[in-house]
Amino acid sequence: MMLAGSARIFRRSFATNIYVEGLHRRTDDVRLRQAFDKFGNVIKVAIIPAQDNEVYLKGCVSFKKSEDALKAIMAMNGQELDGRLLKVDYYDDKFE
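As structure tokens, then:
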């Protein structure tokens with residue numbers, strides 16, 4: 001019997017999509033790709049437009065391999081990009 005937490009860990013072990021929170025408004029998809037492509041083959045990046053009351057942007061990065069997504073999370077969570085501290089974690093859904 002697999003517990004809900006175990007299922008989440010199992011699913012994340014194959015996850016290739018990550019979520020990046022805290023991006024500066026001047027950070028674009030090219031800059032986001034440059035920041036993350038050193039961890040592996042980046043398939044896609046997307047900047048999520050800020051809402052009116054948000055002062056920072058969010059983004060998603062999709063890697064070809066789950067190991068590369070994990071490397072990126074471990075290396076970039078809490079790091080600075082364009083003067084902003086990032087929060088980086090798995091993104092549970094696919095994005096288009």
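Heads up: the sequence shown begins at 1 in UniProt numbering, then just goes up one per residue.
Beta carbons are placed, not taken as given, at the ideal position from N, Cα and C, and that holds for glycine.
- For residue 63, the beta-bridge partners assigned by DSSP are 42.
- Distance check between residue 51 and each of 62, 25, 79 places 25 closest, using alpha-carbon atoms only.
- For residue 20, the three-state secondary structure derived from DSSP is strand.
- From the listed residues 39, 21, 54, the smallest Cα separation to residue 46 is found for 21.
- Rounded to whole angstroms, the separation of the alpha carbons of residue 67 and residue 58 is 22 Å.
- Judged by DSSP secondary structure, residue 88 falls within the beta strand (DSSP E) whose first and last residues are 87-90.
- Leaving aside the five residues that flank residue 72 on each side, the residues in its chain whose CB is nearer than 8 Å to its CB run, in chain order, 18, 36, 39, 40, 61, 63, 88.
- DSSP places residue 25 outside both helix and strand once states are collapsed to three, so it counts as coil.
- Rounded to the nearest angstrom, the Cβ distance from residue 81 to residue 27 is 7 Å, consistent with a contact under 8 Å.
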